[in-house]
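Engineer: First, the structure itself, so that you have it in front of you.
Protein chains: 2
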Amino acid sequence: MDTSSAIDQRVSLAVSTVIFALRPHPETGEMTLWLPLVRRIRDPYEGQWALPGGPLEAHEDLAASARHTLERTTGLTPHYLEQLYAFGNVDRSPDERVVSIVYWALVRPDEVARAVDGENVEWFVADELPPLAFDHTEIIDYALARLRAKITYTPIAHAFLPEEFTLAELRAVHEAVLRTTLDPANFRRQALATKTLVPTGTCLQGTSHRPPALFRFEAGAPSTEEPR
Amino acid sequence: MDTSSAIDQRVSLAVSTVIFALRPHPETGEMTLWLPLVRRIRDPYEGQWALPGGPLEAHEDLAASARHTLERTTGLTPHYLEQLYAFGNVDRSPDERVVSIVYWALVRPDEVARAVDGENVEWFVADELPPLAFDHTEIIDYALARLRAKITYTPIAHAFLPEEFTLAELRAVHEAVLRTTLDPANFRRQALATKTLVPTGTCLQGTSHRPPALFRFEAGAPSTEEPR
DNA sequence: ACAAAAGTGTTTATCTTACACCCATGG
DNA sequence: CCATGGGTGTAAGATAAACACTTTTGT
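Residue numbers (my numbering), protein chains in the order written: chain A, 1 to 228; chain B, 1001 to 1228.
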């Protein structure tokens, strides 16, 4: 191998995040996964959509950098944030050599509503994305696979919901993420068996049928960063 | 926040690897996990033991960098290599800001034998390590947890064994990694149910009892890099 | 009273676990 | 022919899936 010019020798480090939220599909009306993308305003892939992210500052931890960039570009403060993977192939950026440490995050609907839908930020249905900059399509596929795998063995679905929620709402999250229907009775047992749900004692009123009990998520189980 | 001096602004990127191999414990004689460490010859933590690794070269992919450094410092060529995690806390290195993308690897005993046990390389029992440089103790704990979790739901144990092996040998790997005993009969069924083991047709001779059948690992299942 | 979803119970199938037992080889 | 691990069979227990049925509200 030969050494290239001095400029090429530099490796720059960026932190990006795949942010998931749930809202109804524009056509079918069913709940589906959405994610915000940022329009690139600089040269490589200018005008294309890309994951929100930015260079790692020397004074910031990795997760802090993800949070900071998220807040700055999309106005979002995720309730769940986990490192996804470090993408660093030599050819993933045309000019520069960039290693991206990618996080994935889950946000609640109220957060999404409060978020600023800036000029260069737009939400997309996660399974119907336009062509993206860099290897970001591959990254999002990987994040989607991780989310769909992890929701089946870890109680993270609550991160899509407000503080208090019904079991039907929790089930709707699972169904939306996994794109299936789940048996209400069995889902209930399975969810309660994790011992992570605490009944608030109150019920949700005004449902035109029997009022469902409200639950709150109780840690005890780790919410972020455990090996698998 | 305030910006520090120009030197502090730089973030350097390193790639390190946690390498696991199996050999008998020096006292009990039982098979246990070992890993090679490198003695630091430079200032931060000089003289202390640390994970093999090095700075990321601009022309190398991440996994290639891990392989390359491994070969150079320990002479090992792993049969399994997977990205573990990116460690990048601001305070993990006293002076510089270093982000380490850490891989974990499994090597076969014949590889270990062929490896050069250089002056500054030494193997340790994975669960009986001395104090290490940087946050490497934490990193190894994380890698150990990942290995022990992953071996239960993924057929990676064969990466510790030669091309052909018996089910008893495969079971011994599981028992050594998980530090338990496993029922031979049930382990057999469970292992064969994965459809990843192909009988070679031959048997291992000279065992002073019934000759066990030899198997070879057949891919079909992904061996590296799938989300969980 | 009826619809509709909440919540409980029950049956069946499937997957683990434990362990009894036969098999094949070296000594 | 005996000891030793290889390999097969099987019964008991635990888990998961399918679905009937009862409960509680709004209309």
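Virtual Cβ for every residue (Gly too), placed ideally from N, Cα, C.
Since we're looking at a predicted model, the values are computed, not measured.
How should Thr-1074 (chain B) be labelled, buried or exposed, when 16 other C-beta atoms within 10 angstroms of its C-beta is the threshold for buried?
Structural biologist: Taking the first residue of the second sequence as 1, we reach residue 1074 (chain B) at position 74. That one is buried.
Engineer: Is the Cβ of Arg-1010 (chain B) closer than 8 angstroms to any Cβ of chain A?
Structural biologist: The sequence position of residue 1010 (chain B) within the second sequence is 10, counting from 1. Yes, Arg-1010 (chain B) lies at the interface with chain A (some Cβ there is under 8 angstroms from its Cβ).
Engineer: Between which two residues does the beta strand (DSSP E) containing Pro-1055 (chain B) stretch?
Structural biologist: Counting from 1 along the second sequence, the entry for residue 1055 (chain B) is found at position 55. Here the beta strand (DSSP E) through Pro-1055 (chain B) covers 1053 to 1055.
Engineer: How many Å lie between Glu-27 (chain A) and Ala-126 (chain A) at the Cα?
Structural biologist: Here residue 27 (chain A) is taken as the residue at index 27 of the first sequence, counted from 1. Here residue 126 (chain A) is taken as the residue at index 126 of the first sequence, counted from 1. Between Glu-27 (chain A) and Ala-126 (chain A), the C-alpha separation is close to 14 angstroms.
Engineer: To which residues of the same chain is Val-1112 (chain B) closer than 6 angstroms at the C-beta, ignoring the five residues directly before and after it?
Structural biologist: On the second sequence, position 112 is the one that residue 1112 (chain B) refers to. Only Ala-1021 meet the Cβ criterion.
Engineer: What does Leu-979 (chain B) touch in chain A if you count any residue whose Cβ is under 8 angstroms from its own?
Structural biologist: Only positions 1001 to 1228 of chain B appear in the structure, and residue 979 (chain B) is not among them; the question remains open.
Engineer: So, is the C-beta of Leu-106 (chain A) closer than 8 angstroms to a C-beta in chain B?
Structural biologist: Your numbering for residue 106 (chain A) matches position 106 in the first sequence. No - not a single Cβ of chain B is within 8 angstroms of the one on Leu-106 (chain A).
Engineer: When Cβ atoms are compared, which residues of the segment 1026 to 1048 of chain B fall closer than 9 angstroms to chain A?
Structural biologist: Cβ contacts with chain A come from no residue of the segment 1026 to 1048 of chain B.
Engineer: On the DSSP letters alone, give me the boundaries of the beta strand (DSSP E) that Ser-1016 (chain B) sits inside.
Structural biologist: Taking the first residue of the second sequence as 1, we reach residue 1016 (chain B) at position 16. Where Ser-1016 (chain B) is concerned, the enclosing beta strand (DSSP E) stretches over 1011 to 1024.
Engineer: Got a sec: is the Cβ-Cβ distance from Leu-70 (chain A) to anything in chain B below 8 angstroms?
Structural biologist: By one-based count along the first sequence, residue 70 (chain A) stands at place 70. Leu-70 (chain A) does not count as touching chain B.
Engineer: Does the separation of the CB atoms of Arg-108 (chain A) and Phe-165 (chain A) fall below 8 angstroms?
Structural biologist: By one-based count along the first sequence, residue 108 (chain A) stands at place 108. By one-based count along the first sequence, residue 165 (chain A) stands at place 165. Going by C-beta atoms, Arg-108 (chain A) is not nearer than 8 angstroms to Phe-165 (chain A).
Engineer: How do the segment 1114 to 1126 of chain B and the segment 1179 to 1186 of chain B stand: do at least 3 beta-carbon pairs fall below 8 angstroms, yes or no?
Structural biologist: No: the two stretches stay apart, fewer than three of their Cβ pairs being nearer than 8 angstroms.
Engineer: My output table needs one value for Ser-1100 (chain B): the three-state DSSP class, helix, strand or coil.
Structural biologist: Position 100 of the second sequence, counted from the start, is the residue given in the question as residue 1100 (chain B). Strand at Ser-1100 (chain B).
Engineer: According to DSSP, what are the bridge partners of Gln-1083 (chain B)?
Structural biologist: The residue given as residue 1083 (chain B) occupies position 83 in the second sequence. According to DSSP, which records beta bridges pairwise, Gln-1083 (chain B) is partnered with B:Tyr-1103.
Engineer: Ignoring anything shorter than 3 residues or poking outside the segment 1143 to 1209 of chain B, list the beta strand (DSSP E) runs there in chain order.
Structural biologist: As far as the segment 1143 to 1209 of chain B is concerned, its whole beta strand (DSSP E) runs of at least 3 residues are 1197 to 1203.
Engineer: Give a yes or no on whether the minimum CB-CB distance between Leu-1192 (chain B) and chain A is below 8 angstroms.
Structural biologist: As a first step, residue 1192 (chain B) is located in the second sequence; it is residue number 192 there, counting from the start. No, no contact with chain A.
Engineer: Smallest Cα separation from Glu-82 (chain A): which of A:Pro-162, A:Pro-211 and A:Ile-19?
Structural biologist: In the first sequence, the residue the question calls residue 82 (chain A) occupies position 82. Of the candidates A:Pro-162, A:Pro-211 and A:Ile-19, the one whose C-alpha sits nearest the C-alpha of Glu-82 (chain A) is A:Ile-19.
Engineer: Is the Cβ of Glu-1060 (chain B) closer than 8 angstroms to any Cβ of chain A?
Structural biologist: For the purposes of this step, residue 1060 (chain B) is identified with residue 60 of the second sequence, where counting begins at 1. Closer than 8 angstroms to some Cβ of chain A, the Cβ of Glu-1060 (chain B) qualifies, so yes.
Engineer: CB Ser-38 (chain A) to CB Val-90 (chain A), shorter than 8 angstroms?
Structural biologist: Position 38 of the first sequence, counting from 1, holds the residue named residue 38 (chain A). Position 90 of the first sequence, counting from 1, holds the residue named residue 90 (chain A). Just to set this straight, residue 38 (chain A) is Val in the shown sequence, not Ser. Their beta carbons are not under 8 angstroms apart, which means Val-38 (chain A) does not touch Val-90 (chain A) by this criterion.
Engineer: Roughly how many whole angstroms lie between the Cα atoms of Leu-70 (chain A) and Thr-202 (chain A)?
Structural biologist: Taking the first sequence and counting its residues from 1, one reaches residue 70 (chain A) at position 70. Taking the first sequence and counting its residues from 1, one reaches residue 202 (chain A) at position 202. So the two alpha carbons sit approximately 35 angstroms from each other.
Engineer: Give every residue of the same chain whose Cβ lies closer than 6 angstroms to the Cβ of Arg-1216 (chain B), excluding the five residues on either side of it in the sequence, and list them in chain order.
Structural biologist: Residue mapping note: residue 1216 (chain B) aligns to position 216 of the second sequence, counting from 1. For Arg-1216 (chain B), where only same-chain residues beyond five positions count, the Cβ hits under 6 angstroms are Glu-1164, Val-1198 and Thr-1200.
Engineer: Taking all protein chains shown into account, do 16 or more other C-beta atoms lie within 10 angstroms of the C-beta of Ser-1229 (chain B), making it buried, or fewer, making it exposed?
Structural biologist: What the structure shows of chain B is the stretch from 1001 to 1228, and residue 1229 (chain B) is not part of that stretch, so it cannot be assessed.
Engineer: Determine the contact status of Thr-1194 (chain B) and Glu-1218 (chain B), defining contact as a CB-CB distance below 8 angstroms.
Structural biologist: Walking along the second sequence from the start, residue 1194 (chain B) turns up at place 194. Walking along the second sequence from the start, residue 1218 (chain B) turns up at place 218. Not in contact: Thr-1194 (chain B) and Glu-1218 (chain B) (Cβ atoms no closer than 8 angstroms).
Engineer: Quick one: using the 10 Å Cβ neighbour count with 16 as the cut-off for buried, is Glu-1060 (chain B) buried or exposed?
Structural biologist: Along the second sequence, one-based indexing puts residue 1060 (chain B) at 60. Its Cβ being crowded by 16 or more others within 10 Å, Glu-1060 (chain B) is buried.
Engineer: Roughly how many angstroms lie between the CA atoms of Pro-211 (chain A) and Ala-185 (chain A), to the nearest whole one?
Structural biologist: Within the first sequence, numbered from 1, the residue matching residue 211 (chain A) stands at position 211. Within the first sequence, numbered from 1, the residue matching residue 185 (chain A) stands at position 185. Pro-211 (chain A) and Ala-185 (chain A): Cα-Cα distance of roughly 16 angstroms.
Engineer: Output the boundary residues of the alpha helix (DSSP H) element that contains Leu-62 (chain A).
Structural biologist: Residue numbering aside, residue 62 (chain A) sits at position 62 when the first sequence is read from its first letter. 62 to 74 is the extent of the alpha helix (DSSP H) around Leu-62 (chain A).
Engineer: Any idea if Ala-1006 (chain B) is buried or exposed, counting beta-carbon neighbours within 10 angstroms, 16 or more meaning buried?
Structural biologist: The residue given as residue 1006 (chain B) occupies position 6 in the second sequence. Low local confidence applies: a pLDDT of 44 at Ala-1006 (chain B) is under 50, so the model's placement there is unreliable, with the coordinate-based value given in what follows. Answer is exposed; the Cβ neighbour count stays below 16.
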